[in-house]
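Shown next, in structure tokens, is the structure this report addresses.
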Amino acid sequence: MPSSSSCWGKCLPARIFPDKLCKCVCCFSTAEEEAEEGEVIVYCNNAEANAQFNYPSNFISTSKYTILSFLPLGLLFEFRKVSNLYFLMSAVFSLIPGVSPLNPATSIAPLVFVVIVALLKEGVEDIKRHRADNRANSISVQVLRDGKLVSVCSKDIHPGDVMRIHNGEEVRADVVMFASSIEEGQAFIDTCNLDGETNLKCRKALEATWGLRDVETITNITAVLHTSKPDPGLLSWTGLLELNGEEHALSLNQFLYRGCVLRNTEWVWGMAAYAGVDTKLFRNLKEKPPKSSNLDRKLNYFIVAILIFQNIMLFILASMAVWWNNKYRDTPYLRFFLSKRKSVSLWGYRYLTYFILLSYCVPISLFVTIEMCKVIQAQWMRVDCLMMEYVENRWRHCQPNTSNLNEQLAMVRFIFSDKTGTLTENVMKFKKGDALGTSIDADNLEECIAQLKQETASEKRGPLQEYFLALALCNTVQPFKDDADDSRAVYEGSSPDEVALVEVAAAVGYRLISRTTKTITLLLHDSTRKVYNILATLEFTPDRKMMSIIVEDSDTKEITLYNKGADSFVRPQLSCAPEVQAHMENVESPLTEMSFTGLRTLLLCAKDITRLQFDPWFEKFVEAGKTLRNRSANIDNVCLEMEQDMRLIGATAIEDKLQDEVPETLSFFLNAGVMIWMLTGDKRETAVTIAATSTLCDPRKDFIDHIDIGHLSPSDPKAIERVGRDLEVLEQHVALQGTQNERRCTLVIDGPALSIAMEHYFDQFLSLSQHVNSAICCRLTPIQKANVVSMFQKSTGQTALAIGDGANDVSMILEGRVGVGIIGLEGAQAALAADYAIPRFKHLRRLCAVHGRYALFRNTSCTLVSFHKNIAVSVVQFIFAFYVGFSGLSLFDGWMLTFYNILLTSIPPLFMGIFDKDLPEEALLVRPKLYTPLSHGEYFNAATLLQWFMESIITTVVLFYAAYPTLIHQDGSHQRYTGEETGTLVFSGLTLVVLVRFALQIRYWQWLQVLGLVVSLLIFLLLFVVYSAIPSIFSDTNFYYQAFDLMSTAKYWMFLLFYIGVDVVVVVGCIAFQKNLFPTLRDVAERQHLSKSHGSL
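Numbering (the UniProt record's numbering), first residue to last: 1 to 1097.
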């Protein structure tokens, strides 16, 4: 039975869906709008009247800091990081008298180095932002001031200023257009800077403002703009203009965005409506929601575990110091020193002393190193020539918009993909059609042309004539002259579907040659021109899923509405006349057939209107356009009043081919155990066909379980019961997994059924959706796409990758743990909002399986060896404390410890994080099973961490106790070392053993890896010798001449050979033991690849 307690609202992203919206939408409760949106009033060319509103200036600032705020804010930001705060505490403790056994400078210097590097990075980035701001704010703009047209900097524009914009110029504020150089107030803009769309968009000034085209006329008018509060929406805007006492409704047709470029228009006059931070361009400059990888989170937990381990050691040492002090307090030669502090004071001092000595447990250089590695890894993605594609007459490459999620690409368990433009090319071509029983094939248009000639000979308009006439008229496409051929026209439109339909109409003799705000001119096949007056354009909206145009034949004065839209939305608007319903039944078969072949289908309709019907309706249409509140909904309601009782003209089918290697890419991820959901707004049949051709499902072998409510209303109890029955069938098929009758399961569900499943059967639906192999969700809105991704993210905690190419995919991309955008034809909004943008879907395999895997392997290797070297140096100090009375004496020199962390052992981990590879690329791309373990924690799990931790402990025990006889002068050698020299011996062995361990960890050798190790070794030797030659540093003479004393003895070199030999034998032996007796998938793949390579040789 449906569950009344479960609400899918709990899985909605809070940043997209506030609580009130969730209560209204998710739980289907109704609520009155609490308050009407605020209003913006702008007086034209009247600065004094606008001053009362305190509108922001047009000054744009994207920088974070000023000269005065950089240092304090930068430091505040750096010390919000736990690691920096930890080392700051260590530096402060070292300044307390009697606490630090080392020179305080050795604790302060590493922190200063790390903070300076981070501040320099922040400073360089902010300087770039300042320079970009200065360029943007200083651009010259023509503005009307005091009755004169003057040039001012763009930062000096204010709301209400009248501007003159020329062809090719970028609009520097959000502007309401008054007039243009083109007839009837038309203008064309390029919005590539805002949404990436390269097609030109048409804007049309109000007829009442066409005369505002010179300084004198504009100076003598009185105009007031009423509009809504600024918002980031690029697809809608409404306003009301009071011009000399008369009210005129404004819409997006009169709006020019800041950042758009004027094209094919000599000049435009307009008034600034919003400036600066109120412009839509600036409102869209929002920071992306913060995302972090699983590795970062595990690293944080690991650091917490290390700090707990460190504090356990501190507690032991501080407590043992008190015990030792009490035990030997009465020893005559110790009494003076041990009686200085009492137990509580001594415990606190020793805690702080060893806090400083053991602070090396956390490698301070790691965080800078990992950040540098991630940036360079992102650059590898950017320059990868195998992820480049020639798109739109230019080479496109991978665009990493973040480097924080590099390794997360290897941990993907769910992929949510858009269809159109993501899996398909988004290059629309008319493929088939049906004109009331007459089939149309794009590959054989000669038959259509011949039949059109026959219909032209008859007096009555035939079905093909009306079909292609509707295609030529029912659109918003603008024709332009072809520079290469004056006899041809180039069509520009906001929808590639519309352009495809207009092009096929032109191919059969219905050429659109001119469009103004009032007329459409067609050139027919017999070379006659036909002019239609545009009475009204009922633009497409997502709620209606259709668009219409009402035209008047200039010859016969007949008024006709032409309509095209999705069949599920157009069908209810058809006339109930038997003839129309019969036509619909006849079209149903070819419509379904075209959908099954993967084509995008639309229905074409028409309606004859009389002037008596049109005039009253048009008055309502104009009045609805004047409302500021809920204008879109009001206009839709009025449009639907006219878009009813229509007759059917036919159906269209547009082809959108699959991109290259889409089936191979999907098969790779499916075989890797990744669950793939296709989320699309297309109809069910088209979506299933595309899924089958892309290998997302196989209808011949798989269970294809449809959850469908048909034509029932989502609120109908029968619809709810039907969804429940469909879910039970799906549950039976899922239960067969693991049995002999097991088959792959693919779920197919549409938007209305999805809403019912998520509201009434949430827990059951969630459970089943995690066990199907793939899913197809059709007829989804952008909000529903984001809901599905959010449901998986919050309920499973596993990595979901969302990929799409259009503005309607942005919410889904932002919601995904990893967002990937396709650089396609639907604009750049998806690519800009994504974490990573790729030219084609096929590049997703390489992005995840190669770059994601390498990033995970590199970062984990860098992290593990960094902690290994630091834990080793800390545990040696811990062991040494037991032999010096827990006095806080350090075995190692303080400056050598400082250089050990930030110089001697930092280069190889950096190069490891940049260049290392665990397997060749060829092996990764053909073995999907290698991808599966990555999401389960391979390379950085509890077992791996424990293994490295134990190795660190064993390494320190061998290092210390091998040298212990020398430390207490019981090694039988006549060459005795002082305590400081023995500490330096252990330090030398530790450094060389760590460098050797780095070498054994490297899986992909190249000259830079060798160079990193050699340079580190040379730096150690050089530092060792130079430091020993300095008599005193800050009055410290302990290290003077140690290198020369040690290196002149054979014992020193024998110890080093012993340390290195033990490390190599033990580590290599363990690796060989594991690879031969307990091989992993990676080991098997490596062996097979090597065998294949040697065999080919």
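All residues carry an ideal CB built from backbone N, CA and C; glycine is no exception. None of the values given here were measured: they were computed from a predicted structure.
6 Å CB neighbourhood of residue i in its chain, flanking five on each side removed
i    : result
A672 : P928, Y931 and T932
S952 : H868, I871 and A872
S83  : F367
S417 : M678 and I803
E33  : The pLDDT assigned to E33 is 37, lower than 50, so where the model puts this residue is not dependable; a value taken from the coordinates is nonetheless given after this. Correct list: empty, nothing qualifies.
T746 : C697, D702, I704 and S774
Close Cβ partners of residue i (< 7 Å) along its chain, the five nearest in sequence each way excluded
i            : result
V40          : T227, S228 and K229
V175         : M163, L256, G270, M271, A272 and A273
I1019        : L903 and L904
S236         : L252 and S632
I1060        : L992, V993 and V996
Y1041        : S1028
residue 1135 : As shown, the chain starts at 1 and ends at 1097. That puts residue 1135 outside it, with no answer to give.
Closest Cα partner of residue i within the set the options
i    : options                   : result
N475 : Y562, K657 and S769       : Y562
N253 : E643, D660 and L538       : L538
V551 : V531, A378, M428 and H760 : V531
D835 : R382, L897 and M313       : R382
K201 : K620, L473, E207 and A187 : A187
I783 : T799, M758, D809 and G797 : D809
N533 : S527, N300 and K518       : K518
F882 : M320, L299 and A51        : M320
G239 : V1010, V215 and E623      : E623
R725 : M177, E742, H760 and A91  : H760
Continuous alpha helix (DSSP H) stretch holding residue i: start and end
i    : result
E78  : F70 to E78
C373 : I364 to V383
N671 : V662 to N671
Y55  : Y55 -> no alpha helix (DSSP H), and no H or E assigned at all.
I260 : According to the sequence provided, residue 260 is Cys. The question's Ile does not apply to it. Unbroken run through C260: none, as it is neither H nor E.
S63  : Note, S63: premise wrong, no alpha helix (DSSP H); not H, not E.
A47  : A47 to A51
C777 : Here C777 belongs to no alpha helix (DSSP H); instead the beta strand (DSSP E) covers S774 to C778.
R312 : Sequence inspection shows Ile at residue 312; the Arg mentioned does not correspond to that position. N294 to K327 is the span of the alpha helix (DSSP H), which, as asked, contains I312.
Residues near residue i in its chain [Cβ-Cβ closer than 8 Å; skip 5 each side]
i    : result
E36  : Its pLDDT being 39, under 50, E36 is placed unreliably by the model, and the measurement read from it follows with that caveat. If we look at E36 and ignore the five residues flanking it on each side, its Cβ neighbours are R629.
M584 : R571, L574 and L648
F59  : N137, K155 and G276
E731 : Q764 and L768
First and last residue of the uninterrupted beta strand (DSSP E) at residue i
i    : result
K481 : Q478 to K481
Q186 : Q186 to D190
N411 : One detail in the question is off: residue 411 reads as Met in this sequence, not Asn. First-last for M411: undefined, no H or E at that position.
A489 : A489 to E492
V40  : E39 to Y43
M177 : D174 to S180
I676 : M675 to L679
For residue i, the residue or residues it bridges with in DSSP
i    : result
D705 : L747
A223 : L243
H760 : Bridge partners of H760: none, in fact.
L561 : I550 and K607
F430 : I654
G819 : A802
I534 : V551
P400 : Y836
K204 : Q186
Beta-carbon separation (whole angstroms), residue i vs residue j, contact threshold 8 Å
i    : j    : result
S811 : K794 : 15 Å between Cβ atoms; not a contact.
I823 : V261 : Rounded, the Cβ-Cβ distance is 20 Å, inconsistent with contact.
E661 : K842 : 4 Å
V508 : I449 : 5 Å
G565 : L602 : 6 Å
F878 : L317 : 7 Å
A862 : C373 : Residue identity differs from the one stated: residue 862 is Cys in this sequence, not Ala. Contact holds; Cβ gap of about 6 Å.
E643 : M546 : 7 Å
Chain E contact for residue i (CB, 7 Å cutoff)
i    : result
V958 : Structure shown: chain E not included; a single protein chain is present.
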